[in-house]
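Please read the structure below before turning to the comments.
Protein chains: 2
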Amino acid sequence: MEVSIFIADDHQLVIDGLKMLLAQAGHINISGEAINGLIAEQQIIKLKPDIALLDVRMPEKDGLKVLQSLQHKGCTTKCIMLSMHEDARYIKDAEAFGAKGYLLKNVGKVVLLEAISKVMKGGTCFHTIVQTEKNQTVFFTPREKDVIGLLAKGHSTNEIASLLFTSQETIKVHRKHIREKTGATNSVELLIKLKELGFDV
Amino acid sequence: MEVSIFIADDHQLVIDGLKMLLAQAGHINISGEAINGLIAEQQIIKLKPDIALLDVRMPEKDGLKVLQSLQHKGCTTKCIMLSMHEDARYIKDAEAFGAKGYLLKNVGKVVLLEAISKVMKGGTCFHTIVQTEKNQTVFFTPREKDVIGLLAKGHSTNEIASLLFTSQETIKVHRKHIREKTGATNSVELLIKLKELGFDV
DNA sequence: ACAGAACTACCTATTTTTAGGTATATTTAA
DNA sequence: TTAAATATACCTAAAAATAGGTAGTTCTGT
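Quick mapping for you: the protein sequence lines, in order, are chains A and B. Going by the working numbering, the first residue of the first sequence is number 115, and it counts up by one from there. Going by the working numbering, the first residue of the second sequence is number 115, and it counts up by one from there.
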């Protein structure tokens, strides 16, 4: 049976490559493509492809957000996420948001075609990762996330306090809690650990 | 005429895509592929393809280093760099090291095929960028690069001094110079600016 | 041989961050 | 309606980073 697939990736060359790769398979037709999340979302809603391949990291709107929006709007297109990040949190989020699969970009075409086949048969295909003891959910409060966001932009405690209309002392406490939650002893280390945990910083 | 091409990229899916894309062109045959710089270098020397497509960012040995090694060893394969980074420094370096082309991954297949054609005819194809006043060459000494590398891993001045077998005072000076060169006032800001300048941090 | 660059090292001084503590008002959830 | 979580704010104290200075040695290229 003919399968229609939509491709969203921020690199045109990757899109072109995937198109060729999928076209090769014979039973697949490419219903559309997009180089950012916003266009992807609009087009997928409009074209209703059987499957959408969504790059996780995209401009305007990342793949997970597109996935959420599509689910929220009742779109029936089955989404397979493509990512460079072998990260538990991303994969869990993708699954939670209703993705049918999650593949790393370092898989080969065989794995991709198998995943598409599986998903079309109603199954799922999530990249299994070596899930060690760590990655125990680290949780941040909304305010802590505000602080993390500004920290990641290179702001000092003083600047963050001004931007969030609160005192330096308060921001100090938030920073302390954030460090304690991650086990980091300085800001650079903190940002590294946050990235490892899958946060967009 | 038949053109043999080697592909090096750290994502198998990108390789597979490019293979399909190039195979489509008819007159191109893929002589080999690699998912890291070291393997790429060995294979290119062994297989002597007409053209090598080298991803700039690769594990083990980045594309620019592979390019340098190949030139140094007198390899005649014409190298076209593929990159996600529209960065003056990378492009200049690539040209200086003897690359025949530099393309962003957001170009389409038409541009890629044209570039290959141009290069095969003895020409070059460098992605022209909007070169604003900024990007005035920021240069780091080898030792400064050592320090930057360890800083980016979250190490403190103290730790860096130990790792580089020198005194804290010396590392302080290096850090000061690095900040002065980039205009950053703290480490997080520094790393952000370095990334903007195209450094692998 | 000399100039310049790079690496080293120390100085002072201020600012910022890190690392503990306590405490209170407000909101959230059981 | 308690209990817990969140955001707020202040305290002390030590460690680290930032920002300026001078200066000697070594290596490299002219």
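Note that beta-carbon positions come from the ideal geometry of N, C-alpha and C, so glycine has one too.
Item                                                                                                                                                                        : Value
How about L196/B and L217/B: are their beta carbons less than 7 Å apart?                                                                                                    : yes
Is DSSP giving M134/A helix, strand or coil here?                                                                                                                           : helix
For L219/A, go through chain B and note every residue whose CB falls closer than 8 Å to its CB, in chain order.                                                             : According to the sequence provided, residue 219/A is Lys. The question's Leu does not apply to it. Chain B residues near K219/A: H125, Q126, L127, V128.
State yes or no: is the beta carbon of V117/A nearer than 7 Å to at least one beta carbon in chain B?                                                                       : no
Between K232/A and chain B, is the shortest Cβ-Cβ distance under 7 Å, so that the two count as touching?                                                                    : no
Find the nearest neighbour of K78/B within the set I194/B, F211/B, A266/B, I262/B, judged by alpha-carbon distance.                                                         : The requested residue 78/B is not part of the displayed model; chain B covers only 115 to 315.
Can you give the beta carbon distance from G222/A to E303/B, rounded, assuming they're within the 8 Å contact cut?                                                          : Actually they do not touch by this definition, with Cβ atoms about 40 Å apart.
From this set, V224/B, V117/B, V180/B, which residue's C-alpha is nearest L135/B's C-alpha?                                                                                 : V224/B
Is the Cβ of S281/A closer than 7 Å to any Cβ of chain B?                                                                                                                   : no
Is there a C-beta anywhere in chain B that falls below 7 Å from the one on I306/A?                                                                                          : yes
In chain order, what residues of the same chain have a beta carbon less than 7 Å from the beta carbon of L127/A, not counting five sequence neighbours either side?         : none
Using the beta-carbon of each residue, which ones in chain A are nearer than 7 Å to E303/B?                                                                                 : G268
Let me check one thing: in DSSP terms, what residues is S281/B bridge-paired to?                                                                                            : In DSSP, S281/B forms no bridge with anything.
Please list the segments of the beta strand (DSSP E) lying wholly inside the region 131-197 of chain A, counting only runs of 3 or more residues, in order along the chain. : 142-148, 165-169, 192-197
Which class does V71/A belong to by DSSP, given the choice of helix, strand or coil?                                                                                        : A query on residue 71/A cannot be resolved here, the shown segment of chain A reaching from 115 to 315 and no further.
Residues bridged to G316/B by DSSP?                                                                                                                                         : Shown here, chain B extends from 115 to 315; a query on residue 316/B therefore has no answer.
With DSSP run on the structure shown, which of helix, strand or coil describes A122/B?                                                                                      : strand
Are three or more beta carbon pairs between the region 149-161 of chain B and the region 169-178 of chain B nearer than 8 Å?                                                : yes
Which of the three DSSP states, helix, strand or coil, is assigned to G263/B?                                                                                               : helix
Just to check, is the beta-carbon of Q156/B closer than 6 Å to a non-hydrogen atom of the ligand COA?                                                                       : For the ligand COA, the structure offers nothing, since it holds no ligand at all.
If you run the structure through DSSP and keep just helix, strand and coil, what is H291/B?                                                                                 : helix
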